[in-house]
Amino acid sequence: MSLLAVHDLAVARGGLRTVEGVSFTIDAGQALILRGPNGIGKTTLLRTVAGLQPAVTGRIEMPEDAVAYAAHADGLKGALTVSENLGFWEKVFGGGDIDRALSAMDLTPLADRPAAALSAGQKRRLGLARLVVSRRPLWILDEPTVSLDAASVLRFADMVREHLAQGGAALIATHIDLGLDAQVLDLTPFRAKPAPATRPAGFNEAFA
Amino acid sequence: MIALLRRDLALAVRAGGGFGLGVAFFLILCALVPFGVGPDTAALQPIAAGILWLGALLACLLSLDRIFALDHEDGSLDLLATSPLPLEGAVAVKAMAHWITTGLPLIVVAPLFGILLHLPPAAIPALLGSLLLGTPALSMLGAFGAAVTVGLRRGGLLLSLLVLPLYIPTLIFGTEMIRRGQEGGDMGPPLLFLAGITAGVLAVIPFAAAAALRVNLR
Numbered sequence: 149m150s151l152l153a154v155h156d157l158a159v160a161r162g163g164l165r166t167v168e169g170v171s172f173t174i175d176a177g178q179a180l181i182l183r184g185p186n187g188i189g190k191t192t193l194l195r196t197v198a199g200l201q202p203a204v205t206g207r208i209e210m211p212e213d214a215v216a217y218a219a220h221a222d223g224l225k226g227a228l229t230v231s232e233n234l235g236f237w238e239k240v241f242g243g244g245d246i247d248r249a250l251s252a253m254d255l256t257p258l259a260d261r262p263a264a265a266l267s268a269g270q271k272r273r274l275g276l277a278r279l280v281v282s283r284r285p286l287w288i289l290d291e292p293t294v295s296l297d298a299a300s301v302l303r304f305a306d307m308v309r310e311h312l313a314q315g316g317a318a319l320i321a322t323h324i325d326l327g328l329d330a331q332v333l334d335l336t337p338f339r340a341k342p343a344p345a346t347r348p349a350g351f352n353e354a355f356a
Numbered sequence: 638m639i640a641l642l643r644r645d646l647a648l649a650v651r652a653g654g655g656f657g658l659g660v661a662f663f664l665i666l667c668a669l670v671p672f673g674v675g676p677d678t679a680a681l682q683p684i685a686a687g688i689l690w691l692g693a694l695l696a697c698l699l700s701l702d703r704i705f706a707l708d709h710e711d712g713s714l715d716l717l718a719t720s721p722l723p724l725e726g727a728v729a730v731k732a733m734a735h736w737i738t739t740g741l742p743l744i745v746v747a748p749l750f751g752i753l754l755h756l757p758p759a760a761i762p763a764l765l766g767s768l769l770l771g772t773p774a775l776s777m778l779g780a781f782g783a784a785v786t787v788g789l790r791r792g793g794l795l796l797s798l799l800v801l802p803l804y805i806p807t808l809i810f811g812t813e814m815i816r817r818g819q820e821g822g823d824m825g826p827p828l829l830f831l832a833g834i835t836a837g838v839l840a841v842i843p844f845a846a847a848a849a850l851r852v853n854l855r
């Protein structure tokens, strides 16, 4: 069964289309890597699939409440400790295993440290550990390896592999090779044709 | 939802959370007014109700932009929007957390500051009742303003301009209730209006604010 099916999707950022005509499916146990140059619309596509913004055209099919989204910002509260940060998301998402999440990203020794005292890489690891706690089947990850060192990247790849082995799926935008056995989708051919008018769609009609 | 409430309260109480800011502002205002208009009862008593309500209103306004702006900056708002928690529920909970950290402390200290402004003791129950009924509406309307302005840098000015007109009915009926309490009149009508405004706001605003948030997250 496919966890995510995208048909002929077009997305827009700031009223301008970035990519269009994108179709793919991800089955349980599979990962899809999105590639493409800066500004092609990887983040916009991921936010659209995660339900944070509407698609311009096209359909997105997935089971309800399937998505765990991780973006550039980790959503951490500096005044809370590492385990309190995770504990909050554990309660919001309804019962994940905090200890397993901590050990998956090697955060157990830091559990009682305030998140404000973590390094950038450690914060990122905490943001990724949240995915384990969320217990959602479909992970949507936007540049997950930013500021991670080589060892942490391997650790993260292991975490994704384990998630896939348990019947999960992942949609990842990244520029580096994670060493995952995954399909790769390059967005470059789907770049939107430049619009004839620079005004947003519907602008001229509104004044006709 | 309880998890979100507990997190917001924990964040407010810990370092840099801004807990007590509202009360401190309230204290400054109520302590300075007698210096400005003179300490005699004849001058202070007629304006005490108005000053107390204005103080509560402005103190509430002071911390409004924190309701969503901080969560938006660090990305938690995106994560909350994709979590199982309905956004409407998140708005309601965050407004409640704001009320507990600013409205409730104000209510607790208001009788003391009432004495500072020569409010007669007979009017204290009216003061407490009006604040208890009115301040939840202030927090919830503020949450709406904060939701509308969440993506803007330095949105505080716009937020104040948006929210202050919405506060006027609560201000009018709140002070009217205290004034009637002071003069021994019938407190019923302003009390009912105040309660009605708050009930309406609590019922409708979470949906409006959640819709505004969804637009701003795009």
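These protein sequence lines are chains A and B, in that order.
Per our numbering, the first sequence starts with residue 149, numbered consecutively.
Per our numbering, the second sequence starts with residue 638, numbered consecutively.
Quick reminder that beta carbons are idealized off the backbone N, C-alpha and C, glycines included.
Residue j beta carbon less than 8 Å from that of residue i
| i | j | result |
| --- | --- | --- |
| B/A784 | B/A718 | no |
| B/V800 | B/N853 | no |
| A/L151 | A/A216 | no |
| B/F663 | B/L743 | yes |
| A/L180 | A/A330 | yes |
| B/L724 | B/R817 | no |
| B/G782 | B/L796 | yes |
| A/L194 | A/D290 | yes |
| A/V230 | A/L200 | no |
| B/G792 | B/D702 | yes |
| A/G269 | A/D306 | no |
| A/G169 | A/F338 | yes |
| B/Q700 | B/G751 | A quick correction: the sequence has Ser, not Gln, at residue 700 of chain B. No. |
| B/I842 | B/A747 | no |
Minimum Cβ-Cβ distance from residue i to chain C less than 8 Å
| i | result |
| --- | --- |
| A/V240 | No chain C appears in the structure shown, which is made up of the protein chains A and B. |
Residue i - partner residues in DSSP beta bridges
| i | result |
| --- | --- |
| B/L669 | DSSP lists no partner for B/L669. |
| A/W109 | With chain A covering 149 to 356 only, the question about residue 109 of chain A has no answer from this structure. |
| A/I181 | A/I320, A/V332 |
| A/V159 | A/V167 |
| A/T229 | A/P262 |
| A/R339 | A/V167 |
Beta-carbon separation (whole angstroms), residue i vs residue j, contact threshold 8 Å
| i | j | result |
| --- | --- | --- |
| A/H224 | A/G275 | The sequence shown places Leu at residue 224 of chain A, rather than the His named in the question. That pair is a contact at about 7 Å. |
| B/E813 | B/P802 | Contact flag wrong, Cβ pair sits at about 18 Å. |
| A/T293 | A/T336 | Rounded, the Cβ-Cβ distance is 21 Å, inconsistent with contact. |
| B/L707 | B/L764 | Rounded, the Cβ-Cβ distance is 32 Å, inconsistent with contact. |
| B/L646 | B/I737 | 6 Å |
| A/L319 | A/V197 | 7 Å |
| B/L722 | B/L775 | Actually they are not in contact, since the Cβ atoms of B/L722 and B/L775 sit about 24 Å apart, beyond 8 Å. |
| B/L641 | B/V728 | In fact, because the Cβ distance is near 10 Å, the residues do not count as touching under 8 Å. |
| B/L753 | B/P671 | 7 Å |
| B/L741 | B/T835 | Actually they are not in contact, since the Cβ atoms of B/L741 and B/T835 sit about 15 Å apart, beyond 8 Å. |
| A/G189 | A/T205 | 14 Å between Cβ atoms; not a contact. |
| A/L157 | A/A203 | 6 Å |
| A/F236 | A/R283 | The pair is not a contact, with the Cβ atoms about 15 Å apart (cut-off 8 Å). |
Per-residue DSSP class, three states only, for residue i
| i | result |
| --- | --- |
| B/T719 | coil |
| A/T205 | strand |
| A/S171 | strand |
| B/I704 | helix |
| A/L152 | strand |
| B/T738 | helix |
| B/P773 | helix |
| B/N853 | helix |
| B/F750 | helix |
| B/H755 | coil |
| A/V308 | helix |
| B/I805 | helix |
| B/M814 | helix |
| A/V294 | coil |
| B/F656 | coil |
| A/L224 | coil |
| B/M733 | helix |
| B/I684 | helix |
| A/I188 | coil |
| A/V197 | helix |
Residues near residue i by beta carbon distance below 6 Å, same chain, minus five either side
| i | result |
| --- | --- |
| A/E238 | G244, I246, V281 |
| A/Q178 | A317 |
| B/V650 | F656 |
| B/L666 | G692 |
| B/G726 | M638 |
Residues near residue i by beta carbon distance below 7 Å, same chain, minus five either side
| i | result |
| --- | --- |
| A/A221 | none |
| A/E209 | A153 |
| A/K271 | D222, L224, A263 |
| A/V332 | I181, R183 |
| A/G327 | A305 |
| B/H755 | T678, L681, Q682, A685 |
Contact set for residue i: own chain, Cβ-Cβ below 8 Å, skip 5 residues either direction
| i | result |
| --- | --- |
| B/M824 | A763, G766, M814, R817, G818 |
| A/L234 | I246, A249, L250, L274, A277, R278, V281 |
| B/G687 | T812 |
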